[in-house]
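Position 115 of the sequence shown, counted from 1, bears residue number 459 in the numbering used here, the numbering being contiguous throughout. Just so it is clear, CB atoms sit at the ideal spot from N, CA and C, and this is done for glycine as well. Being a predicted model, the structure only gives us computed values, none of them experimental. For reference, the structure discussed in these notes is given below.
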Amino acid sequence: MTARFDAIGLVVSDMAASIAFYRRLGFAFPEGSEDQPHAEAELPGGLRLMFDTEATVRSFLPEWQPPAGGGRASLALRCDGPEEVDALYGELVGSGYHGELKPWDAFWGQRYAVVHDPDGNGVDLYAPLATAAE
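Structure (structure tokens):
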């Protein structure tokens with residue numbers, strides 16, 4: 345028997361708000377997902393991003409509580425270039441999402457920024473910086 349990585353699951357407070365946020369980032373949740381207690385989007389390579397509402401989780405784990413002090417998970421999204429990091433960050437923050445870390449040229453060689461999803465989970469936006477040889 346071999347276990348294999350198959351999906352990333354997040355518990356969401358507001359399914360419609362989460363679906364809207366992640367659709368803006370290119371995740372293809374099926375139409376009508378915003379009205380469901382569980383939703384999935386297929387990712388490249390066959391992985392899935394899955395959302396369950398808090399009520400769904402409490403249906404099988406009645407004592408479940410959201411983590412205190414913000415999200416404990418983050419997703420990292422590679423952008424096509426540094427300018428896309430800036431543009432996507434600006435679009436999301438301009439639409440009212442919380443910008444945790446403004447785009448900057450990180451010492452590890454990436455243009456890097458962090459935006460929070462509607463539940464406070466970090467969404468890292470990054471792209472490699474051009475090297476002097478390019």
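For Arg-455, is the classification buried or exposed, using 16 other Cβ atoms within 10 angstroms of its Cβ as the cut-off for buried? Taking the sequence shown and counting its residues from 1, one reaches residue 455 at position 111. That one is buried.
Supposed close pair Asp-463, Ser-377 - CB separation, criterion 8 Å: Taking the first residue of the sequence shown as 1, we reach residue 463 at position 119. Taking the first residue of the sequence shown as 1, we reach residue 377 at position 33. No, Asp-463 and Ser-377 are not in contact; Cβ-Cβ is about 16 Å, not under 8 Å.
In the DSSP assignment, find the unbroken beta strand (DSSP E) run with Met-394 in it and report its ends. As a working note, residue 394 is residue 50 in the sequence shown. Where Met-394 is concerned, the enclosing beta strand (DSSP E) stretches over 392 to 397.
The beta strand (DSSP E) that contains Ala-351, what's its start and end? By one-based count along the sequence shown, residue 351 stands at place 7. Taken as a continuous stretch (DSSP letters only), the beta strand (DSSP E) holding Ala-351 covers 351 to 356.
Please list, in chain order, all residues of the same chain as Ala-385 whose beta carbon is under 6 Å from its beta carbon, the five residues on each side excluded. Counting from 1 along the sequence shown, the entry for residue 385 is found at position 41. Phe-371, Ala-372, Phe-373, Leu-393, listed in sequence order.
CB contact flag (Gly-459, Tyr-470, <8 Å): The sequence position of residue 459 within the sequence shown is 115, counting from 1. The sequence position of residue 470 within the sequence shown is 126, counting from 1. One detail in the question is off: residue 459 reads as Val in this sequence, not Gly. Cβ distance not < 8 Å, so Val-459 and Tyr-470 don't count as in contact.
So, for Leu-387: in the same chain, excluding its five sequence neighbours on each side, which residues have a beta-carbon less than 7 Å away from its beta-carbon? Along the sequence shown, read from residue 1 onward, the residue named residue 387 stands at position 43. Excluding residues within five positions, the ones whose Cβ falls inside 7 Å are Leu-393.
So, do the region 352 to 362 and the region 389 to 408 have three or more beta carbon pairs nearer to each other than 8 Å? yes
Buried or exposed for Asp-449, please, with buried defined as at least 16 other CB atoms from any protein chain shown within 10 angstroms of its CB. Mapped onto the sequence shown, residue 449 falls at position 105. Result: exposed.
CA-CA distance, Trp-408 and Tyr-366? Counting from 1 along the sequence shown, the entry for residue 408 is found at position 64. Counting from 1 along the sequence shown, the entry for residue 366 is found at position 22. Distance between the alpha carbons of Trp-408 and Tyr-366 is about 24 Å.
Rank Ala-399, Gly-390, Arg-368, Gly-389 by C-alpha distance to the C-alpha of Pro-379 and give the top, closest one. To locate residue 379, count along the sequence shown from 1; it is residue 35. Correcting the residue type first, residue 379 is Asp in the shown sequence and not Pro. The shortest C-alpha separation from Asp-379 is found at Ala-399.
Less than 8 Å between the CB atoms is what I'm expecting for Leu-445 and Ala-457, so what's the real figure, rounded? Walking along the sequence shown from the start, residue 445 turns up at place 101. Walking along the sequence shown from the start, residue 457 turns up at place 113. With a Cβ gap of about 6 Å, Leu-445 and Ala-457 count as contacting.
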